[in-house]
Structures are given as structure tokens and as C-alpha cells.
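Asker:
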Amino acid sequence: MSEPTLSLGLTEDQLQLRDLVREVVKNEVVPARMELDEKNEYPRRVLEKFREAGIFQALFPEEYGGLGMGMMGNIILSEEIAYGCLGVGTAFLATKLGALPIEVGGTEEQKKKWLPLLASGEKVAAFGLTEPGAGSDVPALSTTAVKKGDKYILNGTKQWISGAGQADVYTVFALTAKDRGPRGMSCFIVEKGWKGFSFGKKEDKLGIRCSETRQLIFEDCEVPAENIISGKENNGFLHALKTLNLSRPAVAAQAVGTGQGAFDCAVQYAREREQFGVKIATFQAIQHMLADMAIRIEASRLLTYKAAALAEIGHKDTAKFSAMAKCFAADSAMAIATDAVQIYGGYGYTKEYPVEKYFRDAKILQIYEGTSQIQKNEIAAGLIKEAASKSRG
Ligand SMILES: Cc1cc2nc3c(=O)[nH]c(=O)nc-3n(C[C@H](O)[C@H](O)[C@H](O)COP(=O)(O)OP(=O)(O)OC[C@H]3O[C@@H](n4cnc5c(N)ncnc54)[C@H](O)[C@@H]3O)c2cc1C
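Take the sequence shown: its position 39, counted from the start at 1, is 764 in our numbering, and no numbers get skipped.
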């Protein structure tokens, strides 16, 4: 993988983490990725290697059994794993996404109970927000949680949940006060195997095929009242927003890794393939494509690092920069993967070369954790609000 021109302020520990994960990706992810993709198979063995290497720990704070590598640790892991395979990267990061509502909103007791199990890799988590009728329109969700004694009774369906069926622990959003819309939403910790909690069929997807995606189905599922995150009702929307602000820079980093992976293949191929008696890398049309790809990668990486740095310190502009990084990096990864296929010509259109998979995988980056259109809506809404507060008129 080519080096960014500067270390971009990465510490010695962060550089070591990057080297470690690069090695694991090279040895465990790259050799397995095509077979996992073809078989639509969850990367259990690869994740076990991650666990052994302490890679799950690098996602979590020290006080809860992690390595305390912060947002930048998360960014490094996300980029490097996606460089090898975005499907594996999604299956891996699903645990962090599922853990974030506990991290941002959980009581101390909840954090101490769940986070160390996730940091050690002993248990895997997933995040259940989206519903069949509530995708971009999160406030339209209809899953309900009704208090009955010391339990909540959950009813409803969650759609497109990464890691569903494989994960042990789920953070699930449901309405505790139906008439209050998003302000009546709460988040619950639910375990696999509980009565009334089942899964839909495994989705047969275009890309990230080894990341298992299913519905979560709740039919009078009893959840202990102590499993409501924060211990209080109706804080769920806030937990969801805080989670997405922290997870979007990681998705942006996945996009950087995906783009870098596709680019590295394309530049190598352009140096080898001959047409009209010369290497295709000598054609200016190809060179300009490579230059545009490299510009997008570098710009995406810088924006991602900025979003991560702001998120790390809880800066007021975190939401805006997280959305900017996610949108720009995702759109860039799709464009880069498309050009990579173009540079391979017909060979790029076959499963014989990895650019075909980068192309299929990249598309999800523009969809999950908020589509590119939704990121732009959020950025614009923030900008307009900022302008209004600055206006002296
Ligand atoms: C493989 C995969 C994994 C996923 N993993 C998870 C997960 O782990 N947990 C989870 O909770 N969810 C997950 N999701 C759900 C994902 O976040 C949603 O698919 C996404 O938010 C879009 O929702 P939707 O699919 O219902 O599309 P819709 O909201 O129906 O959008 C359809 C189109 O309309 C556009 N659109 C909608 N509203 C607006 C608007 N106001 N302005 C402009 N354009 C708009 C969208 O941009 C899109 O182009 C996953 C999805 C997929 C496909």
C-alpha cells in the first residue's frame, strides 16, 4: 500500500498499529476475500485472527478493556481493513457501531458490563436503527417498547442490519413514547437467543457479500428494564445522532481504504498492460485518470483525519465534518473504483481481478450510515443554521 506523503501526525503507537493491521490484512484478509465473497460467507475465521492480534481491543477505551487508541485508532483500522476487503471491514466494524450507543449513552454499569466483552472480541455486536419503512427518515421508525413491570416488550422489525444473526449483542432503537416522534425513542441492549427475537433471511447483496445482513424481528420480546441505555426513556435519538457522528469518520476511512486499494491495482496494471506497442500508462488519458484518483484519495484522507480529530475532542463542528468526510470519501471511492475498472478494460469486468470487487463493494459506502444525499442535507442544514446565527441583519 502506498504511503501518504506525511505521517499526518500519527504517533509511534498509531504507526505500529497500522503496521500490525497491514500485516494481518495481507496474510489473512487478501488471500480469503474472493472465496468469502463468492460463498457469501461470514468471515468468522478472519475475525478470530483479528481477535488474537488484539485488533478488536484497539477500537475501545482503556478503561473498558481496550487499548485507548481513540478515534485515530479506529480510522487506521477502518482504512487498512477496507484496503483488503470492505466486506470484512464492515463485519468487523459492526461491533464498534453496535457498541457506540453504549459508549456514548450507557450508564457506568452498562459500560462495564458490555464493553470489555466486545473489546476482547469474546462477543460481537450489531446496531439496529433502520426499519423497512424508516431508512433515511429515521424519525419514522415504528418499533415499540412498552414497559411492563421490570421489562420492556419489543415489537417491530429492523432492516439491513450488518452482523445480524452472527452478533451476540444488539443495540436496538424503539419508541417508548409513540406520540413524541424521535423524542420518544429509546435504545435497548438485546441479546441473541432471547425469546421473541429472531432474524430474517440472509440478504444476497451486490457487494460486501461476506458481511452478513439480515432483518431483526421482535415479537413480544422481553428485555430487562435495566437494558435501556442511559437508564432513562426517550434519549435514544440523541444516542443515535452521537453514534453516527462518531462512526461516519470510520466509514469515510473505509472509503479511503477502498479507493486506495482500487487505485494501487489500477496503477500497477497500467504499468504492465501494453496496447499499440506501449504501456497504457504512457497514454495521457490514463495518466489523468490516475491523477484524479490520487487527488481524491489524498483529499478524502485529509478530510477524514480532520473529522476524526474534531470528533476526538468533541468539537462543535463534529457532525458537519463527519458528514463531509463520509460523503466526499464515499463518492470518491465509487468514482475511483469505476475508473479502476475502466483502466483494466474488459479484464476489469471479470472476477479474475480485484477491481471488479472493489467496484461492487464501493457502492455501499454511498448508502449505509446515511446516503450521500442525506449527508449533504445535514451539511447544508448546519451551514444555514450557522449563517443565521452569524447574521447581524
Ligand atoms: C448492506 C447494508 C448494511 C446496512 N447496515 C446497517 C446497520 O448495521 N444498521 C442499521 O441500522 N442500518 C443499516 N443499513 C441501512 C442503511 O443505513 C440505509 O439503507 C440507509 O440509511 C438508506 O435508507 P433506505 O435504504 O431506506 O433508503 P431510502 O431512505 O428509501 O432512500 C432512497 C433514496 O432516496 C434518497 N432520499 C431519501 N430521503 C431523502 C431526502 N430527504 N433528501 C434527498 N434524498 C433523499 C436517498 O438518498 C436514496 O437515494 C444498511 C444498509 C445496507 C444496504
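Backbone N, C-alpha and C define an ideal beta-carbon position, used for all residues, glycine too. All values derive from a computational prediction rather than experimental measurement.
1) Could you give the first and the last residue of the continuous beta strand (DSSP E) run that contains S911?
2) Taking the straight line between their C-alpha atoms, what separation do you get for K920 and G986?
3) Mind checking who L822 pairs with in its DSSP beta bridge?
4) State yes or no: is the C-beta of I1089 nearer than 6 Å to some heavy atom of ligand 1?
5) Identify the continuous alpha helix (DSSP H) that holds P839 and give its terminal residues.
6) Is N1102 near ligand 1, judged by its Cβ being under 6 Å from some heavy atom?
7) Residues around ligand 1, please: the ones whose beta-carbon is closer than 5 Å to some heavy atom of it, in chain order.
8) Would you report the Cα separation of V849 and N1102, rounded to the nearest angstrom?
9) For a quick check, are the C-beta atoms of Q940 and Q891 less than 7 Å apart?
10) Please report the distance separating the alpha-carbon of P756 from that of S955.
11) For S727, count the other beta carbons within 10 Å of its own beta carbon; 16 or more makes it buried, fewer makes it exposed. Which is it?
12) Below 8 Å CB to CB, which residues in the same chain sit around Q1159 once its five sequence neighbours on both sides are set aside?
13) With the cut-off set at 7 Å, would you say L802 and A824 are in Cβ contact?
14) Using 8 Å as the Cβ pair cut-off and three pairs as the minimum, do the stretch 1081–1094 and the stretch 922–929 touch?
15) Helix, strand or coil for A965 per DSSP?
16) Beta-carbon within less than 7 Å of R934's beta-carbon, same chain only, minus the 5 sequence neighbours each way: which residues are those?
17) So what's C810 in DSSP terms, helix, strand or just coil?
18) Would you check if there are 3 or more beta carbon pairs closer than 8 Å linking the stretch 853–866 to the stretch 789–808?
19) Which whole-angstrom value is the C-beta distance of F913 and V897, which I expect to be below 8 Å?
20) If we call anything under 7 Å between Cβ atoms a contact, is L742 one with A783?
21) Looking at the strands, I want to know which residues DSSP matches up with K851.
22) What does the alpha-carbon distance come out to for the pair D875 and F943?
23) What does the alpha-carbon distance come out to for the pair I1022 and S845?
24) Work out the CA separation of T882 and K903 for me, nearest whole Å.
Answerer: Let me lay it out:
1) Along the sequence shown, one-based indexing puts residue 911 at 186. Looking at the DSSP string, the run of the beta strand (DSSP E) that includes S911 is 910–916.
2) Taking the first residue of the sequence shown as 1, we reach residue 920 at position 195. Taking the first residue of the sequence shown as 1, we reach residue 986 at position 261. Taking the straight line from one Cα to the other gives about 43 Å.
3) Taking the sequence shown and counting its residues from 1, the one referred to as residue 822 is at position 97. BP columns for L822 are empty, so no partner.
4) Taking the sequence shown and counting its residues from 1, one reaches residue 1089 at position 364. I1089 Cβ: within cutoff of ligand 1.
5) If you number the sequence shown from 1, residue 839 lands on position 114. For clarity, residue 839 is Trp in the given sequence; the question names Pro instead. Counting along the chain, the alpha helix (DSSP H) containing W839 begins and ends at 833–844.
6) Locating residue 1102 in the sequence shown gives position 377, where the first residue counts as 1. Yes, Cβ of N1102 sits closer than 6 Å to a heavy atom of ligand 1.
7) F852, L854, T855, G860, S861, W885, I886, S887, T938, Y1093, T1096, Q1098
8) For this step, residue 849 is matched to residue 124 along the sequence shown. For this step, residue 1102 is matched to residue 377 along the sequence shown. Rounded to the nearest angstrom, the two C-alpha atoms are 32 Å apart.
9) Numbered from its first residue, the sequence shown carries residue 940 at position 215. Numbered from its first residue, the sequence shown carries residue 891 at position 166. No.
10) As a first step, residue 756 must be located in the sequence shown, where it is residue number 31. As a first step, residue 955 must be located in the sequence shown, where it is residue number 230. Distance between the alpha carbons of P756 and S955 is about 42 Å.
11) Translated into positions along the sequence shown, residue 727 becomes position 2. Because the pLDDT of S727 is 48, which lies under 50, any placement of that residue in the model is unreliable, and the number read from its coordinates should be weighed accordingly. Exposed, because fewer than 16 other Cβ atoms sit within 10 Å of the Cβ of S727.
12) Since the first and last residues shown for the chain are 726 and 1118, residue 1159 lies out of range.
13) Translated into positions along the sequence shown, residue 802 becomes position 77. Translated into positions along the sequence shown, residue 824 becomes position 99. Cβ distance not < 7 Å, so L802 and A824 don't count as in contact.
14) no
15) Here residue 965 corresponds to residue number 240 of the sequence shown, with the count starting at 1. Three-state result, A965: helix.
16) Numbered from 1 along the sequence shown, position 209 holds the residue referred to as residue 934. Here the set comprises D762, N765, G812.
17) In the sequence shown, the residue the question calls residue 810 occupies position 85. In the structure shown, C810 sits in coil (DSSP, three-state: anything other than H, G, I, E or B).
18) no
19) Against the sequence shown, residue 913 aligns to sequence position 188. Against the sequence shown, residue 897 aligns to sequence position 172. Between V897 and F913 the Cβ distance is about 5 Å, and since that is below 8 Å, they are a contact.
20) Along the sequence shown, one-based indexing puts residue 742 at 17. Along the sequence shown, one-based indexing puts residue 783 at 58. Taking 7 Å as the Cβ cut-off, L742 and A783 qualify as a contacting pair.
21) As a first step, residue 851 is located in the sequence shown; it is residue number 126 there, counting from the start. According to the sequence as given, residue 851 is Ala; it is not Lys. For A851, which the question treats as bridged, DSSP gives the partners Y895.
22) Locating residue 875 in the sequence shown gives position 150, counting from the first residue. Locating residue 943 in the sequence shown gives position 218, counting from the first residue. Each residue's alpha carbon lies about 18 Å from the other.
23) What you label residue 1022 is simply residue 297 of the sequence shown in a count that begins at 1. What you label residue 845 is simply residue 120 of the sequence shown in a count that begins at 1. Roughly 32 Å between the two C-alpha positions.
24) Position 178 of the sequence shown, counting from 1, holds the residue named residue 903. Position 157 of the sequence shown, counting from 1, holds the residue named residue 882. For K903 and T882, the distance between alpha carbons rounds to 16 Å.
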